[in-house]
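Trainee: What follows is a structure written as structure tokens; I'll ask about it next.
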Amino acid sequence: MDVIRLSPSVQRPAPSAATVGFFDGVHRGHRYLLAHVCDVARGAGLRAMAVTFDSHPRRVLRSDYHPELLSTTDEKLALLAQTGIDACALLHFDEQMASLSARDFMGQVLLGRLGVRRLVIGYDNRFGHGRAEGFDDYVRYGRELGVEVERWRPMEMGGVSVSSSVVRSLLLAGEVEMAGRCLGYRYTLGGTVVHGRHVGTQMGFPTANIVPADACKLVPAAGVYAAEARVEGGLRPLPAMVNIGRRPTFDDGPVSIEAHLIGFSGDLYGRSVSLAFAARLRDERKFRTAAELACQLRRDLDETEKRLRDAGGGA
Numbered sequence: 004m005d006v007i008r009l010s011p012s013v014q015r016p017a018p019s020a021a022t023v024g025f026f027d028g029v030h031r032g033h034r035y036l037l038a039h040v041c042d043v044a045r046g047a048g049l050r051a052m053a054v055t056f057d058s059h060p061r062r063v064l065r066s067d068y069h070p071e072l073l074s075t076t077d078e079k080l081a082l083l084a085q086t087g088i089d090a091c092a093l094l095h096f097d098e099q100m101a102s103l104s105a106r107d108f109m110g111q112v113l114l115g116r117l118g119v120r121r122l123v124i125g126y127d128n129r130f131g132h133g134r135a136e137g138f139d140d141y142v143r144y145g146r147e148l149g150v151e152v153e154r155w156r157p158m159e160m161g162g163v164s165v166s167s168s169v170v171r172s173l174l175l176a177g178e179v180e181m182a183g184r185c186l187g188y189r190y191t192l193g194g195t196v197v198h199g200r201h202v203g204t205q206m207g208f209p210t211a212n213i214v215p216a217d218a219c220k221l222v223p224a225a226g227v228y229a230a231e232a233r234v235e236g237g238l239r240p241l242p243a244m245v246n247i248g249r250r251p252t253f254d255d256g257p258v259s260i261e262a263h264l265i266g267f268s269g270d271l272y273g274r275s276v277s278l279a280f281a282a283r284l285r286d287e288r289k290f291r292t293a294a295e296l297a298c299q300l301r302r303d304l305d306e307t308e309k310r311l312r313d314a315g316g317g318a
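Take any residue in the sequence shown, note its place counting from 1, add 3, and you have its number in the working numbering.
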């Protein structure tokens, strides 16, 4: 997949069929849309293109907005590369681009800079200044510009249209299994291992205290999870028991992400670890003693291994 970053020196690419969106998480609904774009492009002898942005538009429009992202830009590009599209235009979203009307965006950017001849609109997508215009307006502008515009239907699971907001809601409720089904892969959160209080080590469950690499990446709801961990430089994933929360048994401090990597021995400090969430085991809760917590952790460990074994992961 070619990644196109517009600059004055970049020439207009070959004519394309395209769709526009932020594509956070590149979930199954996005891939359903992009598969249709590929079909349209092949049928018309065009390149298939996704047009997306390097930052969340609301962060430009509202300085106090803190997105809870499902994917970083690099993760998004890697996921888009798996969809079969030929190219991805990664646009820099700034105040100048935010000020463009839908017609100007279609004429100046999509047609003028990117060579878009067929435009497929997601069922709930709107673009242009203030998102004030809708699909009928896009069709009219397309006729004026020589761009054919169509709207594609949503992908539904269990009667619900798959969307990034639905996936976020599931993760914030701790429903990582359903979120994974909507995404088409396990939700993954990565970061760097830092020193903690070593309480887990004292109980026989050493943990990696992980600080997310991107502060805007969504952290699932507090609780205990079964996950697969990938360690920087490691050859294979490891089963992991993960706790997200405030450690109420000890200090009820700030939210932390702590992972016990089953079968791992060695120094993890300063290394990158990514966690792919497979299942939520239980809520985080306060125990009367450290010994009581340790007993529960042994049960959690058994359940983690079982869940990953049943799911075919963690080997």
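In this text, a Cβ means the ideal position worked out from N, Cα and C, and glycines have one as well.
1. Measuring alpha carbon to alpha carbon, tell me which of Arg120, Ala101, Gln111 and Gly110 ends up nearest Ala135.
2. Taking 7 Å as the cut-off, is the CB of Val276 close to at least one heavy atom of the ligand NAD?
3. Select from Tyr35, Leu192, Cys41 and Asp27 the residue whose C-alpha is nearest the C-alpha of Ser19.
4. Have a look at the DSSP bridge pairing and note the partners of Gly193.
5. Starting from Phe138, trace the alpha helix (DSSP H) both ways and give me its first and last residue.
6. Measuring only the C-alpha atoms, how far is Gly149 from Arg120?
7. I think Leu284 touches Thr307, with their Cβ atoms under 8 Å apart; what is that distance to the nearest whole Å?
8. Do you know offhand how far Leu175's Cα is from Met244's?
9. Out of curiosity, what's the CA-to-CA distance linking Gln299 and Gly248?
10. Quick one: Cα of Gly145 to Cα of Arg116, how far?
11. Of all the options Ser74, Asp77, Ser58 and Thr75, which has the alpha carbon lying nearest to the alpha carbon of Tyr68?
12. Where are the beta strand (DSSP E) runs, 3 residues long or more, that stay fully inside the stretch 51-99, in chain order?
13. Give the range of the alpha helix (DSSP H) segment to which His33 is assigned.
14. To the nearest angstrom, how far is the alpha carbon of Met52 from that of Arg301?
15. Using the three-state DSSP reduction, which class does Met158 fall into: helix, strand or coil?
16. Three-state secondary structure (DSSP) at Glu178?
17. Return the chain-ordered list of same chain residues with a C-beta closer than 6 Å to the C-beta of Gly317, the five sequence neighbours on each side being excluded.
18. Note down, in chain order, each residue of its chain lying with its Cβ closer than 8 Å to the Cβ of Phe108, except the 5 sequence neighbours on either side.
19. How would you call Ser172, buried or exposed, if buried means at least 16 neighbouring beta carbons within 10 angstroms?
20. For Tyr190, tell me which candidate among Val179, Arg200, His198 and Pro70 has the shortest Cα-Cα distance.
Mentor: With the given structure in hand:
1. It is Ala101.
2. In terms of ligand content, the structure shown is empty, and the ligand NAD therefore cannot be addressed.
3. Ranking the options by Cα distance to Ser19, first place goes to Cys41.
4. In the DSSP output, where bridge partners are listed per residue, Gly193 has Ser277.
5. Here the alpha helix (DSSP H) through Phe138 covers Phe138 to Leu148.
6. One Cα belongs to Gly149, the other to Arg120, and the distance between them is close to 7 Å.
7. Approximately 7 Å separates the beta-carbon atoms of Leu284 and Thr307; this is inside 8 Å, confirming the contact.
8. Each residue's alpha carbon lies about 19 Å from the other.
9. A direct Cα-to-Cα measurement between Gln299 and Gly248 gives close to 16 Å.
10. If you take the alpha carbons of Gly145 and Arg116, they lie about 15 Å apart.
11. For Tyr68, the closest C-alpha among the options Ser74, Asp77, Ser58 and Thr75 is that of Ser58.
12. Within the stretch 51-99, the complete beta strand (DSSP E) runs of at least 3 residues are 90-94.
13. Arg31 to Ala47 is the span of the alpha helix (DSSP H), which, as asked, contains His33.
14. A direct Cα-Cα distance of roughly 49 Å separates Met52 from Arg301.
15. Here Met158 sits in coil by DSSP.
16. Look at Glu178 here: in three-state DSSP terms it is coil, with no helix or strand label.
17. Legend: pLDDT at Gly317 = 44, less than 50; position of this residue unreliable, no value from coordinates given.
18. Around Phe108: Met100, Phe130 and Gly131.
19. With fewer than 16 other CB atoms across the displayed protein chains lying within 10 angstroms of its CB, Ser172 is exposed.
20. Nearest C-alpha to Tyr190: Val179.
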